[in-house]
Structure formats: C-alpha cells, structure tokens
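Residue numbers (my numbering): 1 to 422.
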C-alpha cells in the first residue's frame, strides 16, 4: 500500500474584491474534463432564514479565522473572506464523518449540524444581492482524479453539494490538461481577473474543492477629483510613506471601547465598506486579537447617524495564505491528519485514507475613487465644502481594520488589515 499522504484533498478559495476592479476580456478555453454532474441536477432543499444562531456562528468563524491569520502577519497586510472559506469547507464537511465531522461542525457552525448549516448557507447565499453597480458572484467546483481504482466518489456527496452549493464536479486525469481546465474554470468565474492559480499537479493530490468569489462595486457617493489629496501614512513600525487620501462626508459612525470608524456604502446600499481605527495607544495586533463575532456584529449593527469627516487612503494588494494551521488551531485538526481524518461519506480509495492536504486562500483588493461613470459628478453637491461642520473626524493615516459587510445581516464577507498602503 502506498503512503497515506498520497490521498490529499486540496481546497482553493479564490477571492477578488475591488473598489471598482478593472475587467479584462478574453476567451477561456473549453473545459475538457468529464462533467460528473451530467446526470445530477440540483433538487429542492429546505431553507433556513438567518437567525441569531447562524449569524453568531458565522461571525464567530469570521473573527476566529481573521485573528489566526492576522497573528501570523505582523506589520503586514492581510485579507480573508470568511464566507468563501466557509463555503469551501462546508462542501467538504458533507463528506466528513465521526470526529472529523464533529470538529468541522463546531468550527464552522458553532456545533450546528452540517445538515442545518447547508440550509442556512444555501438560503443566505441565495438572498445576497447582486446588482449592476454592486455585484457579488460566487461559484463552486470539485475536481476528482480520474481513476476508479484510486478514488470512488459517493454520489450522495455530489448530490448534496449540487443541491445546496450549486457545485460543478469534474473528473480528470490530473495531468497538464487538468491544470489548464482548472485555470480555465477559475478565469471564467473571476471574469478573467485571475487566469492561473495552479502551475502543476502531483501524484499526492486526489481532489480539489474550489470556491471563487468576486465582489465588484461602485461607491454610492463617488469621490470627485478634488476629494483626492496627497497625504502621509504611518506604518506599524513607525516609518512613514506617501499616500493619496480620499476625503468624504459619511453618515454612519461606528465605535467600540478601543476604536472608531465609519461605514461607507456601495451603490444600492446593500453592502458597506466598514473601517475601524484602533486608538493610538492600542496596537493593531492587540485590537485584532480581541475581536469576537459578537463584538463585530455589535459594532456594525450599532452605527450612529452622524456626519463624519472621513479620510481613506487608496490602496490595493494581493494576499495569499494556507489556512491549515489556522483551522487546526480553531478546532478541526483531525481533517488535516492522514491518520485521523474520516471522509468516508465523500468516498473511498484503495490506497487508504483521505484527508485535507491544503486550504489555499488567495485574495485581491483595490480601493480607490475609480468606478464613477462619466457625468456622475454633476449629481454631487459640494455646497458645504467651504465651511464643513462634522460631528466626528476619522483619518485613516495609520494601520486599521476594514471589512466589506452585508448591510442586511452585518456579517463580514471580507475582513482585512491595512498596514502598508501600495
């Protein structure tokens, strides 16, 4: 028997978000892998509206993942999408059993059974708004090695992920053509913004689960040219750098005992860009380490109606991380062990045990004044500019926490730290 480490499951979470991303058009190659969903159609499923149990469990997962990732990024930028990670892991959890299943349920849903979490996530994602000027798109796919002697996949696992997550499933030889197929699928489902995530596949990889999430939105109140000025940003290590600051008057002020901030809405008002600037005496790492799901929900849901003199630096960066250690520390170590993982409901192999080899998270964000269409400036009144009166001032000229939130639930779809503007 070959070593058990030859049976790895790889999870890829690919996120893109932008204060108005630039799109590139192009043709992605047609996928040549066998479509395992050809005979499987998504069926009717139960639905569960977001309630306190789901919202708190989701916020707790978001905060815990953010804390663990940020702890390894001292004085560096970070960006995670808790929603994307949860969707990829929930798909995988449908194949888990015994202790592995129990650990994943506890980490993902606060011990909500995976059957209930499926219904919550299906309903939540279905109800997330996506409009022309405020677009959120989510796609899921599963890729299996083509060799029945190595891996036999349970049809019930495929059916559940088709029903609840609208997941595509493919079987391929895991050769150079598979690399092209996976990259082609990613390119298609990220509007061409990512055209390659995998360079090669090796014999240790048996399955890929991929979640691609794209958020692309214009500001509800666009910045004008005269709103952008030169400024200085002081990094966590005390050094300074030049930035372009975008100034606006916002109307949603947020705070807790150690930070102040604001929420700037995207077009349509369904999503918001929330920022939290820790007090000068509180290091960013210390502030992030104290964040909990309940605290995030409380801060975002208790926004005060007030005029805020808001200063936001333009920034963009890419971020990637392996989430294995973070997820194991959060309470699901069994899934990553070739000795203890139990994915019997996913399938079986003549070689031994299936386990998760990697959870790869790749993100990109661009926050700027771009995205305003020609002529939009005429609709903006700046009459009070000469003598503005503000209730609060929040100037983001040092490291801060930010989130893109669903305004209906206040759940963070993205969470990041901005310490080095670029």
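A virtual CB, placed ideally from N, CA and C, is assigned to each residue, including glycine.
Q | the segment 131-138 touching the segment 105-119, judged by at least three CB pairs closer than 8 Å | A | no
Q. According to DSSP, which residues form a beta bridge with residue 501?
A. In this structure the chain extends from 1 to 422, so residue 501 is not present and cannot be described.
Q: Could you spell out the range, first to last residue, of the alpha helix (DSSP H) harbouring residue 242?
A: Not the alpha helix (DSSP H): residue 242 falls in the beta strand (DSSP E), residues 240-256.
Q: Please go through the same chain and pick out, in chain order, the residues whose beta-carbon is closer than 8 Å to the beta-carbon of residue 121, but skip the five residues on each side of it.
A: 86, 87, 90, 164 and 165
Q.
Quick check: residue 204 and residue 170, are their CB atoms within less than 8 Å of each other?
A. no
Q | DSSP-derived helix/strand/coil call for residue 103 | A | helix
Q. Count the other CB atoms within 10 Å of the CB of residue 226; is the residue buried (16 or more) or exposed (fewer)?
A. exposed
Q: Look up residue 168 in the DSSP assignment and say whether it is helix, strand or coil.
A: strand
Q) Exposed or buried, which one is residue 127 when buried takes at least 16 other CB atoms within 10 Å? A) exposed
**Q.** With 16 other Cβ atoms within 10 Å as the buried cut-off, status of residue 389
**A.** exposed
(Q) By the three-class DSSP mapping on this structure, what secondary structure does residue 98 have? (A) helix
Q.
Checking the sheet assignment: what are the DSSP bridge partners for residue 79?
A. 416
Q: Would you identify the three-state DSSP class for residue 189, choosing helix, strand or coil?
A: helix
Q. Rounded to the nearest angstrom, how far is the Cβ of residue 421 from that of residue 233, given a contact under 8 Å?
A. 5 Å
Q) How is residue 133 classed by DSSP in three states: helix, strand or coil? A) coil
Q | CA-to-CA distance, residue 185 to residue 27, given in whole angstroms | A | In this predicted model, residue 27 has a pLDDT of only 37, less than 50, meaning its place in the structure is not dependable; the value taken from the coordinates is given anyway. Cα to Cα, the separation comes out at about 11 Å.
Q. For residue 341 versus residue 334, is the C-beta spacing smaller than 8 Å?
A. yes
Q. If you drop the 5 nearest sequence neighbours on each side, which residues of the same chain put their C-beta closer than 8 Å to that of residue 34?
A. 146, 170, 171 and 172
(Q) Strictly by DSSP, which residues pair up with residue 266? (A) 219
Q | Nonlocal neighbours in the same chain, by C-beta distance under 8 Å from residue 100, ignoring five residues either side | A | 332, 334, 335, 340, 341, 342 and 343
Q: With DSSP collapsed to three states, give me the class of residue 91.
A: helix
Q | Member of 269, 416 and 95 whose CA lies at the smallest distance from the CA of residue 129 | A | 269
Q: Please list, in chain order, all residues of the same chain as residue 395 whose beta carbon is under 7 Å from its beta carbon, the five residues on each side excluded.
A: 311
Q: Measure the alpha-carbon distance for residue 115 versus residue 44 and round it to whole angstroms.
A: 14 Å
Q: Alpha carbon to alpha carbon, how far is residue 252 from residue 387? Give it in angstroms, no decimals.
A: Here residue 387 scores only 41 on pLDDT, less than 50, and its place in the model should not be relied on; the value that follows carries that caveat. Taking the straight line from one Cα to the other gives about 21 Å.
Q.
I'd like the span of the alpha helix (DSSP H) that includes residue 304, first residue to last.
A. Careful: residue 304 lies outside any alpha helix (DSSP H), inside the beta strand (DSSP E) at 304-313.
Q | Limits of the alpha helix (DSSP H) - the one that residue 123 falls within | A | 114-127
Q) With distances taken from CA atoms, which of 338, 258 and 284 is nearest residue 236? A) 284
Q | Minimum C-alpha distance to residue 398 - residue among 313, 412 and 367 | A | 313
Q.
Rounding to the nearest angstrom, what Cα-Cα distance links residue 53 and residue 415 in this structure?
A. 21 Å
Q: Might you give, ordered along the chain, the residues of its own chain that have their beta carbon closer than 7 Å to the beta carbon of residue 76, omitting 5 neighbours on each side?
A: 419 and 420
Q. Hey, residue 102 and residue 294: beta-carbon distance below 8 Å or not?
A. no
Q: Whole angstroms is fine: what's the gap from residue 98's alpha carbon to residue 118's?
A: 18 Å
**Q.** Three-state secondary structure assigned by DSSP to residue 343
**A.** coil
Q: Could you name the residues of the same chain whose beta carbon sits closer than 7 Å to that of residue 259, not counting the 5 residues immediately before and after it, in chain order?
A: 276, 277, 278, 279 and 287
(Q) Based on DSSP bridge pairs, tell me the residues matched to residue 400. (A) 418
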